[in-house]
Each structure stands twice: as structure tokens, then as C-alpha cells.
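Add 299 to a position in the sequence shown, counting from 1, and you land on the number used in my numbering. From the three backbone atoms N, C-alpha and C, an ideal C-beta is built for every residue, glycine too. Predicted model only: the values in this text are computed from it and were never measured.
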Amino acid sequence: MDQGRPGGAAAASRASGRRTRRRPGAAGVPLQIRCVAVARARPRRAPGVGLPAVLARAVLPRRSHLNEEHVLIHQTHPADIHTDTETALCAAIRAYSSGDTTTAHSAAVQARALDPDSELARLLAVIIAGCDAAGVYDSPAAFRAFIRGGGNIGLYEATSGALRELYQRHRPQRLLDIGTGDGMALLPALTEHSPAVGVVEPSAALLAETTAELTRRGIPHLAWPCTAQDFTATHTRRWDLVQSTFALQSLPEADKARVLRWIAAHTDRFVLVEFDVPEVESVWEPAWFRDCLARLERGLREYDDDRDLVGAGFILPVILGKFGTSTPTNYELAIDAWEALLREAGFAGITTRRLADYWWRPAFLGEAVTGAG
300 MDQGRPGGAA AASRASGRRT RRRPGAAGVP LQIRCVAVAR ARPRRAPGVG LPAVLARAVL
360 PRRSHLNEEH VLIHQTHPAD IHTDTETALC AAIRAYSSGD TTTAHSAAVQ ARALDPDSEL
420 ARLLAVIIAG CDAAGVYDSP AAFRAFIRGG GNIGLYEATS GALRELYQRH RPQRLLDIGT
480 GDGMALLPAL TEHSPAVGVV EPSAALLAET TAELTRRGIP HLAWPCTAQD FTATHTRRWD
540 LVQSTFALQS LPEADKARVL RWIAAHTDRF VLVEFDVPEV ESVWEPAWFR DCLARLERGL
600 REYDDDRDLV GAGFILPVIL GKFGTSTPTN YELAIDAWEA LLREAGFAGI TTRRLADYWW
660 RPAFLGEAVT GAG
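Structural data, given as C-alpha cells:
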């Protein structure tokens with residue numbers, strides 16, 4: 300996800316739900332929203348795919364008004380929407396996406412009442428009450444706590460270890476990191492081989508942490524406090540190796556293509572680390588929605604003391620962007636879609652491998668070379 304990405308902001312996904320039809324309610328009766336299902340002739344898919352069965356049972360109620368096909372939204376009376384936790388959460392997110400914070404907060408509170416153990420319901424109510432689901436990188440504290448805790452510890456250890464091996468193998472003299480963040484992936488990799496480094500990061504606070512550590516280690520470096528789009532629009536220097544870890548997912552598709560073309564023209568070797576996020580026709584599809592709830596609950600529970608900071612300040616704002624509740628912070632892709640973009644950008648040789656498992660989606664490392672590489 301940016302992890303949305305966990306490792307730095309390359310720019311400030313999401314598929315939005317299909318258009319829905321609304322029916323007028325009875326005169327004088329406040330309208331509320333609930334999720335009901337309309338069957339379609341497609342094979343059913345099991346909920347909680349890829350998660351331990353015990354987690355799926357703990358997070359997902361047995362009774363649900365969602366089937367495995369497709370979701371439509373109907374307006375109804377307030378008391379009718381709060382039938383189970385999953386339906387209430389769906390109603391809360393739907394209402395919030397349409398700007399109805401009163402209904403959204405009521406549904407989120409009811410979801411928590413139906414399942415007092417749901418951290419997702421609790422934090423969703425907090426966000427809705429504060430109307431604070433945007434600008435996730437405006438809070439470096441939340442981002443820092445996010446990537447330095449939970450499953451990100453193992454994820455970044457695997458990422459830095461893979462980068463370190465690549466530096467030792469290819470011995471680049473000039474290394475460019477796009478979307479560096481606070482150097483969580485880059486800095487631990489600069490041990491056996493330390494080239495001159497260029498770092499691109501739009502968050503001034505995060506960039507300052509990276510450059511301070513590079514200075515402390517005596518590693519020659521240049522820093523650009525800007526987005527990947529702005530950097531590649533004006534920069535002309537070539538680099539021995541360019542890398543980006545959990546950052547380019549932040550770019551809309553057209554910007555991804557432009558930035559990747561620039562990279563292919565300014566290096567012989569590019570290393571990309573991103574999550575493998577399969578495309579879904581609609582984020583309101585019940586199987587995907589149910590799986591998303593389970594993954595979110597799992598991700599939030601990986602944090603203890605920092606759960607509120609991380610959940611309300613980073614994880615939920617990123618995920619809510621998928622549902623059109625805020626400006627998207629990332630536009631994730633499946634790994635095969637990344638490979639296609641790399642080929643279109645001009646890379647000739649592309650290899651990918653699974654790097655680490657993670658509560659959101661598995662992370663993959665891709666290595667791409669041009670004809671000269």
C-alpha cells in the first residue's frame with residue numbers, strides 16, 4: 300500500500316465504485332445507506348483469501364448481507380442499516396465517500412457496537428469525526444511510526460538486504476533513489492558498498508532525516524526536495540543504477556509511464572520494489588471488500604502503542620483513497636502490469652521475484668536493464 304507505500308512519497312488507487320441508483324425515502328424520514336447484494340452469474344469466491352482461517356473467522360461475521368457477486372446501495376431507514384459489522388462498515392465508507400459524515404459516523408459507531416473488538420470500526424469513527432483522511436505525508440510522525448513497526452520491520456529488512464546484494468554485485472558509482480522517504484530502505488543497504496547517492500523526496504521533513512544520516516556517514520550525496528514528476532522533467536544526469544522502493548505506486552498511470560521512460564533513458568539498470576496488487580473491477584465487490592476488511596484489521600493489530608497514530612494518520616487514509624473518500628495517495632498495480640510498463644518504457648531484460656510477505660499484499664523486487672545493461 301504507498302503502501303500506500305510504506306517507504307517514502309514519490310508524489311502526492313484507487314478504483315471507485317460503480318455508479319449507484321438512489322431511491323427517494325419517505326417524506327420527513329432521514330435517509331441512510333446500507334449495502335445489499337444483487338446476484339450475478341459468476342463463481343463464488345471464498346472470503347479472506349490468503350489469510351489464516353482463524354483470522355478470517357475472528358474478523359468477518361458469519362452473518363452478512365453481502366454475497367459474493369456485486370453490491371448496490373439503497374437508501375433506507377436508519378435502523379435498517381446496522382444489521383452486522385460488515386454491512387455497517389460498508390455503509391460508513393459509502394456514506395463518507397459521498398460526503399455524508401453524519402450517517403458515516405453513525406454507521407461506524409454502530410459497527411463498533413456490533414463488534415467491540417474491531418479496531419477498524421473504532422479508528423474509522425475517529426477519522427470520520429475529525430474529517431481527517433487526507434494528507435497522509437503531512438504527518439511525518441505517523442509515517443515514521445508506520446514503517447518502523449509492525450510487518451514493516453521484516454519487510455524493510457528484506458528490502459535493504461536485497462538492495463545491499465545488488466550494490467555489491469553491480470558496484471554502481473552513482474546511485475539515484477526516487478522516493479527515498481527517510482531512508483528506511485536505502486540507508487541500511489549502504490554498508491558494503493557506498494556510492495555517491497542522489498535522493499529525491501517531496502517531504503522536506505523525511506528528506507532531512509535521510510540527508511542528515513548520509514552526511515554523518517560521510518557519503519557524498521545530492522538531494523532534491525521535489526516529486527518524481529518534477530525531478531524527471533528537468534534532470535539530465537545519467538546514473539549507474541536507479542532504484543525506487545514503494546514509491547512509484549504513488550503516481551497516476553500517465554505519470555508512471557513518463558517517469559519510467561525517463562529512467563530508461565538515464566540508466567542502464569533500474570530496481571523497483573512494489574506490492575503485487577491484482578486489479579479489481581470494483582472495490583465494492585463483496586469478496587474484495589471482505590478481504591480488504593480482514594487485511595486492514597490484521598495490519599492495524601500489528602501496532603500496539605502507536606496504533607491510533609498509525610491507523611488514523613496513515614493506514615486508513617491510504618486505504619480510504621481506494622473508495623473515493625479522499626484524494627488517492629497511491630495507484631497500485633499487479634506485478635505483471637509493472638512489467639508491462641517497464642517494457643513499454645524501453646527496458647529489455649526484466650526479472651521479478653517475491654521479496655516478502657506482508658499484511659496488505661506480497662512485495663516483489665523487479666530488476667530491469669536496457670539493451671546497454
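Could you please give the first and the last residue of the uninterrupted alpha helix (DSSP H) stretch that includes residue i?
i      : result
SER405 : 400-413
ARG421 : 418-429
SER459 : 451-469
What separation, rounded to the nearest whole angstrom, lies between the Cα atoms of residue i and residue j?
i      : j      : result
VAL348 : THR400 : Model confidence at VAL348 stands at a pLDDT of 30, short of 50, so the residue's coordinates are unreliable; what they give is reported in the following sentence. For VAL348 and THR400, the distance between alpha carbons rounds to 31 Å.
ALA352 : ASP590 : Reliability fails at ALA352, whose pLDDT of 28 lies under 50, so the model's placement of it is uncertain and the value that follows must be treated cautiously. Their backbone Cα atoms lie some 12 Å apart in a straight line.
THR566 : VAL582 : 37 Å
GLU464 : ARG393 : 45 Å
THR384 : VAL425 : 17 Å
PRO456 : ARG557 : It should be noted that the sequence gives Glu, not Pro, for residue 456. Cα-Cα distance, rounded: 30 Å.
PRO616 : LEU608 : 12 Å
TYR466 : ASP603 : 35 Å
GLY448 : TRP561 : 34 Å
PRO487 : ILE452 : 12 Å
LEU599 : GLU418 : 7 Å
THR526 : GLY398 : 29 Å
PRO494 : THR651 : 24 Å
Can you give me the start and stop residues for the beta strand (DSSP E) that residue i sits inside?
i      : result
ILE618 : ILE618 -> not in any beta strand (DSSP E); alpha helix (DSSP H) instead, spanning 615-619.
THR514 : Segment 503-516 is the alpha helix (DSSP H) holding THR514; no beta strand (DSSP E) there.
PHE442 : Note, PHE442: premise wrong, no beta strand (DSSP E); alpha helix (DSSP H) at 439-446.
ASP635 : Unbroken run through ASP635 is the alpha helix (DSSP H), 634-644; no beta strand (DSSP E).
Flag this pair as yes or no: are the beta carbons of residue i and residue j separated by less than 7 Å?
i      : j      : result
ALA387 : ALA410 : yes
LEU654 : LEU664 : yes
PRO524 : ALA546 : no
GLY623 : LEU422 : no
ARG660 : VAL579 : no
ALA563 : ALA644 : yes
VAL668 : ARG568 : yes
ALA674 : ALA420 : Nothing in the structure corresponds to residue 674, since the chain is present only between 300 and 672.
VAL572 : THR458 : yes
GLY450 : GLU601 : yes
HIS574 : ALA441 : Looking at the sequence shown, residue 574 is not His but Phe. Not closer than 7 Å, so no.
ASN629 : SER543 : no
DSSP on residue i, reduced to helix/strand/coil?
i      : result
LEU550 : coil
ALA532 : helix
VAL609 : helix
ASP481 : coil
PHE545 : coil
- Query: Can we say the stretch 469-476 touches the stretch 496-503, given the rule of at least three CB pairs closer than 8 Å?
  - Reply: Contact between the stretch 469-476 and the stretch 496-503 is present: three or more C-beta pairs spanning the two stretches fall below 8 Å.
- Any 3 or more C-beta pairs closer than 8 Å across the stretch 480-491 and the stretch 505-525: Two segments are said to touch when three or more pairs of C-beta atoms, one from each, lie closer than 8 Å; by this definition the stretch 480-491 touches the stretch 505-525.
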